[in-house]
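A.B. asks:
In the numbering used here, the protein residues as written are 13 to 191.
1) Tell me which residue opens and which closes the alpha helix (DSSP H) that residue 20 is part of.
2) Using C-beta distances below 6 Å, list every residue in its chain close to residue 156, excluding the 5 sequence neighbours before and after it, in chain order.
3) Give me whichever residues DSSP pairs with residue 70 in a beta bridge.
4) According to the neighbour-count rule (16 or more other Cβ atoms, all chains shown, within 10 Å of its Cβ), is residue 170 buried or exposed?
5) Is it true that the CB of residue 70 sits closer than 8 Å to the CB of residue 101?
6) Return the first residue and the last residue of the beta strand (DSSP E) that residue 123 is part of.
7) Just the C-alpha distance for residue 73 and residue 136, rounded to the nearest angstrom, thanks.
8) So residue 103 and residue 91 are in contact, right, with Cβ under 8 Å, and what is the actual spacing, rounded?
9) Can you check which of these residues, 181, 126, 37, 184, is closest to residue 60 by C-alpha distance?
10) Give the DSSP-derived three-state secondary structure of residue 117 in the structure shown.
11) Does the beta-carbon distance from residue 106 to residue 23 come in below 8 Å?
12) According to the neighbour-count rule (16 or more other Cβ atoms, all chains shown, within 10 Å of its Cβ), is residue 144 buried or exposed?
13) I'd like the span of the alpha helix (DSSP H) that includes residue 43, first residue to last.
14) Under the rule that 16 or more other beta-carbon atoms within 10 Å means buried, what is residue 130, buried or exposed?
15) Expressed to the nearest angstrom, what Euclidean distance is found between the alpha-carbon atoms of residue 21 and residue 51?
16) Could you check if residue 184 is buried or exposed, using at least 16 other CB atoms within 10 Å of its CB as the buried criterion?
This is how it looks when you write it as structure tokens:
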């Protein structure tokens with residue numbers, strides 16, 4: 013996959029200390045990854061990049077929304093996204109990203125691309141079960157919800173009624189109370 017230049021941080025020219033990078037993520041970002049689960053995206057990502065003498069620390073913070081379809085009704089809604097992530101970048105002999113929180117890059121590396129970390133941070137912040145808020149509080153009126161209610165099994169309101177019960181069971185129940 014081609015790297016997007018705006019997510020590449022050239023850290024060689026930066027002074028030791030903290031630096032803030034701000035990104036506005038939209039639908040085009042996810043089209044680059046060929047991810048088609050979102051209808052619309054509006055997320056702000058703040059990256060606090062701290063350069064130290066022997067390593068780099070990155071603190072990612074996302075906030076915004078993604079427009080997705082409800083799993084139950086297929087109605088689109090805005091899902092709020094808020095997530096944070098810490099990444100430590102160390103220098104070593106070869107590239108290694110096996111650990112989730114630690115990235116090892118070869119000595120002599122002068123820049124780091126963070127687009128994959130931003131992508132994963134946003135996608136993993138979306139709940140597994142996507143339920144429209146109107147379904148939870150009962151304010152959403154949809155044909156699908158009405159059909160589901162119509163087809164759902166009905167519980168008997170009065171369980172004490174003896175309608176449809178074989179009369180032989182009633183005789184057996186008397187044995188329990190006649191002790």
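The C-beta atom is built at its ideal place from N, Cα and C for all residues, glycine as well.
Quick caveat: nothing in here was measured; it's all calculated off a predicted structure.
C.D. replies: The relevant details are as follows:
1) Element bounds for residue 20: not the alpha helix (DSSP H) but the beta strand (DSSP E), 20-22.
2) Within the same chain, residue 156 has close Cβ partners 85.
3) For residue 70, which the question treats as bridged, DSSP gives the partners 61, 99.
4) Only weak support exists for where residue 170 lies, its pLDDT of 48 falling under 50; the coordinates are left without a value.
5) Yes; because the gap between Cβ atoms is below 8 Å, this pair is in contact.
6) It spans 123-125 - the beta strand (DSSP E) in which residue 123 sits, taken as one unbroken run.
7) Across the structure, residue 73 and residue 136 are spaced so that their CA atoms are roughly 13 Å apart.
8) Going by Cβ atoms, the distance from residue 103 to residue 91 rounds to 38 Å, so no, they are not a contact pair.
9) Nearest to residue 60 by alpha-carbon distance, out of 181, 126, 37, 184, is 126.
10) Residue state, collapsed to three classes: strand.
11) In this structure, the beta-carbon distance from residue 106 to residue 23 does not fall below 8 Å.
12) Buried is the call here.
13) Looking at the DSSP string, the run of the alpha helix (DSSP H) that includes residue 43 is 39-44.
14) Residue 130 counts as buried, since at least 16 other C-beta atoms from the protein chains shown sit within 10 angstroms of its C-beta.
15) One C-alpha to the other measures close to 29 Å.
16) Around the beta carbon of residue 184, a 10 Å sphere encloses fewer than 16 other beta carbons of the protein chains shown; the residue is thus reported as exposed.
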